[in-house]
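Structure first, then comments.
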Amino acid sequence: MIKQNFRVLHPGIAKALDSIWIIPFFLFCLIFEIIPIIILVKDSFFDSAGLFTLANYAGLKKPVYMLSFWNSIRLSAITALFGTVLGTFIGYSILKTKAKWLKGLFTALANVTTNFAGAPLAFAFIIILGENGVITLLFALVLNIHLYPHFQIYSYAGLVVAYTYFQLPLMILLIIPSFAGLQKEWREAAVNMGASTFTYWRYIGLPLLTPSLIAGFVLLFANAYGAYATAYTLVASNLMLVTTQIAFVVKGEVLHNPALAKAMATVSLLIMGICISIYKIAITRAPGAEK
Amino acid sequence: MKDSKTSKVIFLIIFAVYMLVPILATYMFSVAVRWDRTILPEGYTLKWYAETFHHPYFIIALKNSLFLALYTVVLNLVLIVPAAYIAHTRLPGAKMPMDLLTILPFGIPRVILALALITVFTIRPIARSPFLLVSACTVFSMPYMYRPIANSLEAMDLRTINDAARLQGASASQILLYIIGPNILTGIVSGSLLVYSAIFAEYTLAVLITGARFKTLPMLLVEFTRRDGRIASAISVTAFTIAMFLSLAIIFIARKREHGQGKEKV
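So the sequence lines, in the order shown, correspond to chains A and B.
The letter at position 161 of the first sequence is residue 161 when you use our numbering, and the numbering goes up by one with no holes.
In our numbering, each residue's number is its place in the second sequence (first place is 1) plus 291.
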């Protein structure tokens with residue numbers, strides 16, 4: 001009773017008491033999220049003597065860093081494309097599965113496999129597609145196709161196979177609600193007016209789905225760009241990627257210039273920022289989105 | 292019509308094969324005597340599991356991973372539950388920045404988060420400590436905790452509940468503990484499970500922040516991938532089996548919630 005009167009009399013104090021509950025969260029984000037990132041970005045513009053410089057960014061023009069960016073962007077774009085296209089068709093097939101238990105099973109498979117990433121995933125692909133892997137053997141013994149030495153799991157091609165694995169379930173889980181958001185009546189109306197399956201998708205279905213497809217693509221791109229564990233387990237230092245280069249600096253394994261790593265990180269954050277912004281804009285226009 | 296049906300079946304088969312073969316191969320490899328010359332393993336054994344479980348580092352790494360995930364969940368809960376509740380009820384102005392701060396980690400690759408944290412925290416007890424690792428894991432996993440809780444809060448008519456409770460003289464902590472808490476429990480549970488399974492499998496932050504000082508299960512796995520594939524497969528199976536049960540639990544809870552409340556979105 002006393003407490004209540006106190007609050008009625010002093011709304012300002014009540015509000016201050018309320019804010020106590022949110023302060024730890026904001027303080028934590030400030031200390032461990034915002035400030036470290038700001039300092040990282042700031043550091044990338046200064047030299048070791050503490051003077052402003054763009055030399056760290058000029059240093060990124062060296063072939064080794066350009067190659068890292070090129071590899072990372074190419075790998076992310078290709079696997080995002082594979083994931084988006086395959087994931088869309090698979091997602092649609094799952095949604096159109098009539099048997100309820102089968103539909104549930106496929107959705108559960110997509111859910112469970114999102115956990116199968118990183119080192120365990122890389123290792124699994126070594127088992128099946130390594131030089132003595134079961135798929136490699138199957139190709140050689142049954143089809144008489146010798147994957148090695150043309151194909152290597154510890155290479156760019158291997159990374160494409162492994163990355164596509166973790167991209168697929170993500171795209172499927174993202175696209176299913178969008179397909180579900182396409183109203184049945186729209187298709188019926190189109191068919192009643194004489195539209196074929198192709199015309200329906202070409203002029204109604206696909207344009208409506210475009211925001212979801214764009215959102216999916218940029219999300220997968222960002223997902224692949226930031227991946228490290230799979231890449232490190234498979235290729236270690238055989239293939240230059242932005243994340244593996246930065247990680248080398250963090251581990252102190254190579255005599256890289258930390259300021260250069262920070263410049264690399266800043267450029268990467270910019271790329272991520274663009275991806276997340278496109279994602280946020282696109283996802284609100286996707287069918288089935290309520291927010 | 293028939294053609295599109297066949298193509299659907301083909302896509303589903305591609306999906307099932309692509310997703311299942313690597314997992315099943317890992318499980319089989321972990322019980323195979325030898326499996327590098329023949330299409331099927333040359334025999335089956337549980338020897339690799341026995342060896343793995345007796346490995347001194349295995350128990351340490353398993354414990355480290357279990358506790359790292361646990362502490363991350365606890366820190367997430369302490370920071371996010373009260374803040375999300377207040378932001379959704381009495382300080383609506385805090386909701387937007389909170390949404391933003393919990394989305395931001397999606398745009399920060401873990402390698403970069405690690406680089407930023409070790410740049411800033413260079414002083415001894417904190418630098419590269421398990422404490423810093425828990426903080427990093429919390430930043431990275433906040434979206435997984437915040438989203439389900441925010442969804443639960445949005446589904447409730449908080450203003451009415453809050454006003455009614457206040458009129459009865461309940462304090463903020465009492466409202467949270469006895470009224471809101473039980474109502475957002477499903478959000479809290481699925482958020483906690485998501486965070487737990489994400490951090491249990493976390494390699495990047497652990498290897499870059501604490502390194503060899505604090506070995507986690509995925510770190511041990513990467514080490515053995517190069518040394519002994521059979522031990523690696525046993526570790527991999529153990530880790531994935533735990534993660535699989537966690538995500539099945541999440542699906543189960545999400546379904547139950549859908550049936551219970553209808554209009555909520557996961």
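Where is the CB? At the ideal position from N, CA and C, for every residue including glycine.
- Item | Contacting residues, own chain, Cβ-Cβ under 8 Å from ILE37 of chain A (five flanking each side not counted) | Translated into the one-based positions of the first sequence, residue 37 of chain A becomes position 37. Contacts found: LEU269.
- Could you check the C-alpha separation between LEU357 of chain B and VAL161 of chain A for me, to the nearest Å? Working through the second sequence from its first residue, we reach residue 357 of chain B at position 66. Working through the first sequence from its first residue, we reach residue 161 of chain A at position 161. For LEU357 of chain B and VAL161 of chain A, the distance between alpha carbons rounds to 30 Å.
- Query: Can you tell which of A:LYS42, A:GLY91, A:PHE123 has its C-alpha closest to the C-alpha of VAL267 of chain A?
  - Reply: The count along the first sequence starts at 1 and reaches residue 267 of chain A at position 267. Out of A:LYS42, A:GLY91, A:PHE123, A:LYS42 has the C-alpha closest to the C-alpha of VAL267 of chain A.
- Query: Taking Cβ-Cβ distances shorter than 9 Å, what residues in chain B pair up with LEU269 of chain A?
  - Reply: The count along the first sequence starts at 1 and reaches residue 269 of chain A at position 269. Chain B residues near LEU269 of chain A: GLY398, ILE399, PRO400, ILE403.
- Query: Nearest chain B C-beta to MET1 of chain A closer than 8 Å, yes or no?
  - Reply: Locating residue 1 of chain A in the first sequence gives position 1, where the first residue counts as 1. The predicted model places MET1 of chain A with a pLDDT of 43, which falls under 50 and marks its position as unreliable; any figure quoted below should be read in that light. By this cut-off, MET1 of chain A is an interface position.
- Alpha carbon to alpha carbon, how far is ALA16 of chain A from LEU467 of chain B? By one-based count along the first sequence, residue 16 of chain A stands at place 16. By one-based count along the second sequence, residue 467 of chain B stands at place 176. Going by the C-alpha atoms only, they are around 17 Å apart.
- Query: Is the number of C-beta pairs between the region 182-194 of chain A and the region 110-119 of chain A that are closer than 8 Å three or more?
  - Reply: no
- Query: Does any C-beta atom of chain B lie closer than 8 Å to the C-beta of ALA16 of chain A?
  - Reply: On the first sequence, position 16 is the one that residue 16 of chain A refers to. Not an interface residue.
- Query: What is the DSSP secondary structure of ALA323 of chain B, counted as helix, strand or coil?
  - Reply: For this step, residue 323 of chain B is matched to residue 32 along the second sequence. If DSSP states are grouped into helix, strand and coil, ALA323 of chain B belongs with the strands.
- Skipping 5 residues on each side, what residues in its chain have a beta carbon closer than 8 Å to that of LEU361 of chain B? Taking the second sequence and counting its residues from 1, the one referred to as residue 361 of chain B is at position 70. Correct list, in chain order: TYR487.
- Taking the alpha helix (DSSP H) that LYS184 of chain A falls in, what are its first and last residues? Taking the first residue of the first sequence as 1, we reach residue 184 of chain A at position 184. Where LYS184 of chain A is concerned, the enclosing alpha helix (DSSP H) stretches over 184-192.
- Message: Comparing C-alpha positions only, which one of A:ASP18, A:GLY50, A:LEU121, A:SER277 sits nearest to THR164 of chain A?
- Response: Locating residue 164 of chain A in the first sequence gives position 164, where the first residue counts as 1. Here the closest residue by C-alpha is A:LEU121.
- Query: Any C-beta of chain B sitting closer than 8 Å to the C-beta of GLU188 of chain A?
  - Reply: By one-based count along the first sequence, residue 188 of chain A stands at place 188. Not one chain B Cβ lies under 8 Å of GLU188 of chain A.
- Message: In whole angstroms, give me the CA-to-CA distance for VAL300 of chain B and ILE22 of chain A.
- Response: The residue you call residue 300 of chain B lines up with position 9 of the second sequence. The residue you call residue 22 of chain A lines up with position 22 of the first sequence. In a straight line, the C-alpha of VAL300 of chain B is about 50 Å away from that of ILE22 of chain A.
- Output yes if chain B places a C-beta closer than 8 Å to the C-beta of LYS98 of chain A; else output no. Stepping through the first sequence from its first residue, residue 98 of chain A is reached at position 98. It does not; no Cβ of chain B falls within 8 Å.
- Message: Just verifying my parser: in three-state terms, what is the DSSP assignment at TYR335 of chain B?
- Response: Here residue 335 of chain B is taken as the residue at index 44 of the second sequence, counted from 1. Note: TYR335 of chain B maps to strand in three-state DSSP.
- Let me know the secondary structure DSSP gives PHE349 of chain B once reduced to three states. For this step, residue 349 of chain B is matched to residue 58 along the second sequence. Helix, per DSSP.
- Starting from ASP327 of chain B, find everything on chain A with Cβ-Cβ shorter than 7 Å and list it in chain order. Translated into positions along the second sequence, residue 327 of chain B becomes position 36. Neighbours of ASP327 of chain B on chain A, chain order: ASN132.
- Message: MET310 of chain B and ASN367 of chain B - do their beta-carbons sit closer together than 8 Å?
- Response: For the purposes of this step, residue 367 of chain B is taken as the residue at position 76 of the second sequence. For the purposes of this step, residue 310 of chain B is taken as the residue at position 19 of the second sequence. Cβ distance not < 8 Å, so ASN367 of chain B and MET310 of chain B don't count as in contact.
- Does the Cβ of LYS62 of chain A have 16 or more other Cβ atoms within 10 Å, making it buried, or fewer, making it exposed? Counting from one through the first sequence, the residue named residue 62 of chain A turns up at place 62. LYS62 of chain A is exposed by the Cβ-count criterion.
- Quick one: which chain B residues come within Cβ less than 7 Å of GLY273 of chain A? As a position in the first sequence, residue 273 of chain A is number 273, starting the count at 1. Neighbours of GLY273 of chain A on chain B, chain order: GLY398.
- Note down, in chain order, every chain A residue with its Cβ under 8 Å from the Cβ of SER481 of chain B. In the second sequence, the residue the question calls residue 481 of chain B occupies position 190. Here the premise fails: no neighbours, minimum Cβ distance about 12 Å.
- Task: Look at the alpha carbon of PRO332 of chain B and the alpha carbon of LEU109 of chain A, and state the distance between them as a whole number of angstroms.
- Result: As a first step, residue 332 of chain B must be located in the second sequence, where it is residue number 41. As a first step, residue 109 of chain A must be located in the first sequence, where it is residue number 109. Rounded to whole angstroms, PRO332 of chain B to LEU109 of chain A spans 25 Å at the Cα level.
- Contacts of SER19 of chain A in chain B (Cβ-Cβ under 7 Å): Along the first sequence, read from residue 1 onward, the residue named residue 19 of chain A stands at position 19. Per Cβ cutoff of 7 Å: LEU382.
- Message: So ALA407 of chain B and LEU241 of chain A are supposed to be a Cβ contact under 8 Å. How far apart are they, rounded?
- Response: For the purposes of this step, residue 407 of chain B is taken as the residue at position 116 of the second sequence. For the purposes of this step, residue 241 of chain A is taken as the residue at position 241 of the first sequence. That belief does not hold up - the Cβ atoms of ALA407 of chain B and LEU241 of chain A are roughly 19 Å apart, past 8 Å.
- Task: For MET447 of chain B, return the contacting residues in chain A, with the cut-off set at a CB-CB distance below 7 Å.
- Result: Taking the second sequence and counting its residues from 1, one reaches residue 447 of chain B at position 156. Simply none; closest approach about 16 Å.
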